[in-house]
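A short worksheet on the structure shown next.
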Amino acid sequence: MNTQKVANRLVELMRNGDGMTAINELYADNIVSKEMPGFPSEVTSGKEAVTQKSIQWFNNVEEFHKSEISEPQVAGNHFSCTMDFDVTFKDRGRQQMNEICVYEVNNGKIVNEQFFYAMP
Numbered sequence: 000m001n002t003q004k005v006a007n008r009l010v011e012l013m014r015n016g017d018g019m020t021a022i023n024e025l026y027a028d029n030i031v032s033k034e035m036p037g038f039p040s041e042v043t044s045g046k047e048a049v050t051q052k053s054i055q056w057f058n059n060v061e062e063f064h065k066s067e068i069s070e071p072q073v074a075g076n077h078f079s080c081t082m083d084f085d086v087t088f089k090d091r092g093r094q095q096m097n098e099i100c101v102y103e104v105n106n107g108k109i110v111n112e113q114f115f116y117a118m119p
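Encoded structure:
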């Protein structure tokens, strides 16, 4: 799968609320996931660890009020999209989240992801 196809599939799955399928289908075994500096899991390496990080995040969600994901912008083997969420978490209440997500694709799989957002 080329970068555009990976990008389109990720956006499709995320818009359908199927982030776990996105990880299982599109992420490389050696994926590196980077959050903003100061975030508890600033760098997570490996598909199993990224899967566990995502499970913990989703398990903390009480309710999604809104979820919007932009069309992907592709440049070579990278793509980006914006994600905007209005979500109520079990441990910290309702929050508006706006982030830019940047992904790197190699051999048809996402090998790096990095999220940029304002820290509360």
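Numbered as in numbering that gives the first Met the number 0, the sequence shown ends at 119 without a single skipped number.
Even for Gly, the Cβ is constructed at its ideal location relative to N, Cα and C.
Predicted model, so just to flag it, every value in this text is computed and none were measured.
Cβ separation of residue i and residue j, assumed to be a contact under 8 Å, to the nearest whole Å
| i | j | result |
| --- | --- | --- |
| G107 | M0 | 4 Å |
| E34 | F114 | 6 Å |
Alpha helix (DSSP H) segment containing residue i, residue limits
| i | result |
| --- | --- |
| E70 | Element bounds for E70: n/a, residue is neither H nor E. |
| S40 | It is not in any alpha helix (DSSP H) - S40 carries neither H nor E in the DSSP assignment. |
| N7 | 2-14 |
Span separating the alpha-carbon of residue i from that of residue j
| i | j | result |
| --- | --- | --- |
| N105 | D83 | 26 Å |
| E41 | Y116 | 13 Å |
| R91 | A6 | 31 Å |
| E62 | K89 | 9 Å |
| E11 | F38 | 27 Å |
| V110 | K65 | 28 Å |
| E112 | I30 | 8 Å |
| A21 | R8 | 8 Å |
| F57 | Q72 | 26 Å |
| Q94 | T50 | 23 Å |
| T87 | G16 | 15 Å |
| S32 | D85 | 22 Å |
| Y102 | N59 | 24 Å |
| Q3 | P36 | 29 Å |
| S79 | S69 | 9 Å |
Beta strand (DSSP E) segment containing residue i, residue limits
| i | result |
| --- | --- |
| A27 | 26-33 |
| K108 | 108-116 |
| N97 | 92-105 |
| M82 | 77-88 |
Same chain only: Cβ atoms within 6 Å of residue i, ignoring 5 sequence neighbours per side
| i | result |
| --- | --- |
| E67 | D83 |
Contacts around residue i, its chain only, beta-carbon distance under 8 Å, and the 5 residues preceding and following it disregarded
| i | result |
| --- | --- |
| S53 | G18, M19, I22 |
Counting Cβ pairs, one atom from each stretch, are 3 or more of them under 8 Å apart for the region 86-98 and the region 12-26? no
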